[in-house]
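Working notes for the structure below.
Residue numbers (the working numbering): 26 to 593.
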């Protein structure tokens, strides 16, 4: 409704000084540059100084209509038609009001008055056409007829072609709109508004072409606010944030002192990583609007980026205090978490990570990180919960999630759950030594007396998969030790005669002997078994050899004391 179409050819006449006095030129210039408050004040002053000049009332009405004051616009157009009944533009304005009020017959009557009074003035015809193609209930046929008549009055009037372009844009006839704007630039190579309009056409469909037209517009009229704003948007889309900042800074300096402009400028400064400038802009803004959520957010974020942690904490606390729950963003919690982790407040950080994911389920991947953090804190129950959340909510679950879940259950002494998690990990990664090793560990905890041999097939699988002895040394020692002990228990029933544990304990001794300090317990167990076995087999040489190894490593071993007389 309130999308003012600028009358550029009229501006050109105004700037030449051939029609109006300087004050009116200034008012129109303000209007053109979107300084609506300044334009309104100027035109109101003019209507008081020159109460019979109808064009003053027309522009006052246009400013009010553009800013949404329809009743004020209607009053201005009406007054202008009364004090200057021969000025057609105010009747064009009244036609616009009538269309806005859905009084079509009245609109057409006002349009007839406008064009009869301005029968030789294409600007009046164009302003009248605008009433019909801008309205909620558009009458394109009427608008086009008026613009075609305007062309007969001056076939080279750029203003007419801009209106035609605008009308075709309203009809979504992009091709015809583009041709019309091009005609405008053909007849006026310095028509910055026509180039701007061309840029608008291409903004979404061909950004590089849009950039070309915007830059032409800005070169002709660098102080036109919309082109600076749109150039900023275009460069933001291209991720050229420095240029985006520069153009929006220009726009902000030209635009009226509006809250949304200042907010957006502070955002762009932040995106451009000009954090000090963002803080300065936001701090100044808060002097007038102390409870503005966006500015507190930007200062908090920027302070964190500059390692001003105390300031960041102050503004995060203010943000969380003044912002309603539905205004808190996931990134608020994300950045606050970064601050808490810098401060070593890991437990509190985890709570805010949960809040962040609740607001933005797309960040479910963070459940894995949270689980890892809980695990490091030895809060295994929470770690298991977070790993389960990761498995339930992530788009792509990894084998590490199941390994982490299993480990959390294992250290929380939930061995059945641990085994199920490690089984899933082994299913996902059938050559994973780690998955089978931890399945074996879990089952060993379930079958503590070795009676069922639950861990045996999993340790056997480790031996099968762990072909790289150097890489899997620990896993191989653990597996051989368990299998050796399992078989030793079986051997115990026959006094070690079967010797089923021999190959496993021999392997333990072979692997562990390279570091007798680290693997002392494993070596002592292996040597004691092997010594006992060879004693039963009457192999005194090996019997003495292994027990002397035990003596070297553990001279106080209680079993050793019983055989000392035999190995001297």
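Even for Gly, the Cβ is constructed at its ideal location relative to N, Cα and C.
Remember, it's a predicted structure, so these values are computed and weren't measured experimentally.
Query raised in the report: Can you check whether the CB of residue 147 is closer than 8 Å to the CB of residue 596?
Result: Nothing in the structure corresponds to residue 596, since the chain is present only between 26 and 593.
Query raised in the report: What are the boundary residues of the alpha helix (DSSP H) that residue 465 is part of?
Result: Translated into positions along the chain shown, residue 465 becomes position 440. 458-471 is the span of the alpha helix (DSSP H), which, as asked, contains residue 465.
Query raised in the report: DSSP three-state call for residue 502: helix, strand or coil?
Result: For the purposes of this step, residue 502 is identified with residue 477 of the chain shown, where counting begins at 1. Three-state DSSP puts residue 502 in a helix.
Query raised in the report: According to DSSP, is residue 454 helix, strand or coil?
Result: Here residue 454 refers to the residue found at position 429 of the chain shown. Coil.
Query - Identity of the residue in 343, 337 and 451 nearest residue 360 by Cα - result: The count along the chain shown starts at 1 and reaches residue 360 at position 335. It is 337.
Requested in this report: Please list, in chain order, all residues of the same chain as residue 500 whose beta carbon is under 7 Å from its beta carbon, the five residues on each side excluded.
Outcome: Walking along the chain shown from the start, residue 500 turns up at place 475. The residues are 458, 462, 487 and 491.
Report task. Assign residue 386 to one of three DSSP states: helix, strand, or coil. Result -> Position 361 of the chain shown, counted from the first residue, corresponds to residue 386. Helix, per DSSP.
Requested in this report: Compare the beta carbon distance of residue 22 and residue 95 with 8 Å and say whether it is the shorter of the two.
Outcome: Look at the range of the chain in this structure, 26 to 593, and you will see that residue 22 is not part of it.
Report task. Determine the DSSP secondary structure at residue 394, reduced to helix, strand or coil. Result -> Position 369 of the chain shown holds residue 394. Note: residue 394 maps to helix in three-state DSSP.
Report task. May I ask you to verify whether the region 551-564 touches the region 525-542, counting CB pairs closer than 8 Å and requiring at least 3? Result -> yes
Report task. Leaving aside the five residues before and after residue 320 along the sequence, list all residues of the same chain whose C-beta is less than 6 Å from its C-beta, in chain order. Result -> Against the chain shown, residue 320 aligns to sequence position 295. Closer than 6 Å at Cβ, skipping near neighbours: 307, 310 and 311.
Query raised in the report: Over what stretch of residues does the alpha helix (DSSP H) that includes residue 252 continue unbroken?
Result: As a working note, residue 252 is residue 227 in the chain shown. Residue 252 -> alpha helix (DSSP H) spans 250-262.
Report task. Could you work out which residue in 469, 314 and 104 is closest to residue 482 when comparing CA atoms only? Result -> For this step, residue 482 is matched to residue 457 along the chain shown. Minimum Cα distance to residue 482 is reached at 469.
Query - Whole-angstrom C-beta distance between residue 294 and residue 259, which should lie under 8 Å - result: Here residue 259 is taken as the residue at index 234 of the chain shown, counted from 1. Here residue 294 is taken as the residue at index 269 of the chain shown, counted from 1. Incorrect: roughly 18 Å between the Cβ atoms, too far for contact.
Query raised in the report: If we count Cβ pairs, one from each stretch, closer than 8 Å, do we get three or more for the region 440-458 versus the region 388-407?
Result: no
Query - Residue range of the alpha helix (DSSP H) that includes residue 311 - result: Position 286 of the chain shown, counted from the first residue, corresponds to residue 311. It spans 300-313 - the alpha helix (DSSP H) in which residue 311 sits, taken as one unbroken run.
Query - Burial state of residue 21 (16 or more Cβ within 10 Å) - result: Because the chain is modelled from 26 through 593, residue 21 falls outside the range shown and cannot be assessed.
**Report entry** Beta-carbon proximity of residue 89 to residue 79, cut-off 8 Å
**Finding:** As a working note, residue 89 is residue 64 in the chain shown. As a working note, residue 79 is residue 54 in the chain shown. In this structure, residue 79 does not lie closer than 8 Å to residue 89 by Cβ.
**Report entry** Nearest-angstrom Cβ-Cβ length linking residue 250 and residue 58, presumed shorter than 8 Å
**Finding:** Taking the first residue of the chain shown as 1, we reach residue 250 at position 225. Taking the first residue of the chain shown as 1, we reach residue 58 at position 33. Between residue 58 and residue 250 the Cβ distance is about 6 Å, and since that is below 8 Å, they are a contact.
Report task. Report the option in 304, 402, 190 and 55 whose CA atom is closest to the CA atom of residue 222. Result -> For the purposes of this step, residue 222 is taken as the residue at position 197 of the chain shown. Nearest of 304, 402, 190 and 55 to residue 222, Cα basis: 190.
Report task. State yes or no: is the C-beta of residue 344 within less than 8 Å of the C-beta of residue 334? Result -> By one-based count along the chain shown, residue 344 stands at place 319. By one-based count along the chain shown, residue 334 stands at place 309. No, Cβ-Cβ distance for residue 344 and residue 334 is not below 8 Å.
Query raised in the report: Could you give the distance in angstroms between the alpha-carbon of residue 121 and the alpha-carbon of residue 216?
Result: Translated into the one-based positions of the chain shown, residue 121 becomes position 96. Translated into the one-based positions of the chain shown, residue 216 becomes position 191. C-alpha separation (whole angstroms): 26 Å.
Query raised in the report: Looking at C-alpha atoms only, which residue of 351, 393, 325 and 452 is the closest neighbour of residue 364?
Result: For this step, residue 364 is matched to residue 339 along the chain shown. Selected option, being the one with the closest Cα: 325.
Query raised in the report: Between residue 168 and residue 340, what straight-line distance do the alpha-carbon atoms span, to the nearest angstrom?
Result: Taking the chain shown and counting its residues from 1, the one referred to as residue 168 is at position 143. Taking the chain shown and counting its residues from 1, the one referred to as residue 340 is at position 315. The alpha-carbon atoms of residue 168 and residue 340 are separated by roughly 54 Å.
Query raised in the report: Nearest-angstrom Cα distance between residue 387 and residue 396?
Result: If you number the chain shown from 1, residue 387 lands on position 362. If you number the chain shown from 1, residue 396 lands on position 371. Distance between the alpha carbons of residue 387 and residue 396 is about 17 Å.
Report task. Measure the CB-CB distance between residue 113 and residue 101 and report whether it falls below 8 Å. Result -> Position 88 of the chain shown, counted from the start, is the residue given in the question as residue 113. Position 76 of the chain shown, counted from the start, is the residue given in the question as residue 101. Contact flag unset, no.
Query raised in the report: From 427, 192 and 368, pick the residue whose C-alpha is nearest to that of residue 449; which is it?
Result: For the purposes of this step, residue 449 is taken as residue 424 along the chain shown, with counting starting at 1. Cα-wise, what sits closest to residue 449 is 427.
Requested in this report: Can you grab the Cα-Cα spacing for the pair residue 136 / residue 254, in whole Å?
Outcome: Taking the chain shown and counting its residues from 1, the one referred to as residue 136 is at position 111. Taking the chain shown and counting its residues from 1, the one referred to as residue 254 is at position 229. Cα to Cα, the separation comes out at about 35 Å.
Query raised in the report: Are the CB atoms of residue 447 and residue 475 nearer to each other than 8 Å?
Result: Here residue 447 refers to the residue found at position 422 of the chain shown. Here residue 475 refers to the residue found at position 450 of the chain shown. Cβ distance not < 8 Å, so residue 447 and residue 475 don't count as in contact.
Query raised in the report: Taking the alpha carbon of residue 158 as the point to measure from, which residue in 536, 187, 213 and 272 has its own alpha carbon closest?
Result: Translated into the one-based positions of the chain shown, residue 158 becomes position 133. Comparing Cα positions, the closest option is 187.
Query raised in the report: What is the rounded straight-line gap between the Cα of residue 156 and the Cα of residue 220?
Result: Position 131 of the chain shown holds residue 156. Position 195 of the chain shown holds residue 220. If I take the Cα positions, the gap works out to 23 Å.
Query raised in the report: How would you write the range of the alpha helix (DSSP H) that residue 104 sits in, first residue to last?
Result: Position 79 of the chain shown, counted from the start, is the residue given in the question as residue 104. Residues 95-108.
Query - Exposed unless 16 or more other CB atoms sit within 10 angstroms - verdict on residue 184 - result: Locating residue 184 in the chain shown gives position 159, counting from the first residue. The residue is buried, with at least 16 neighbouring Cβ atoms inside 10 Å.
Requested in this report: Return the CA-CA distance between residue 584 and residue 429, expressed in angstroms with no decimal places.
Outcome: Residue 584 sits at position 559 when you count from the first residue of the chain shown. Residue 429 sits at position 404 when you count from the first residue of the chain shown. One C-alpha to the other measures close to 40 Å.
Query - Same chain, Cβ closer than 7 Å to residue 399, five either side skipped, listed in chain order - result: In the chain shown, counting from the first residue as 1, residue 399 sits at position 374. Cβ within range, chain order: 375, 407, 408 and 411.
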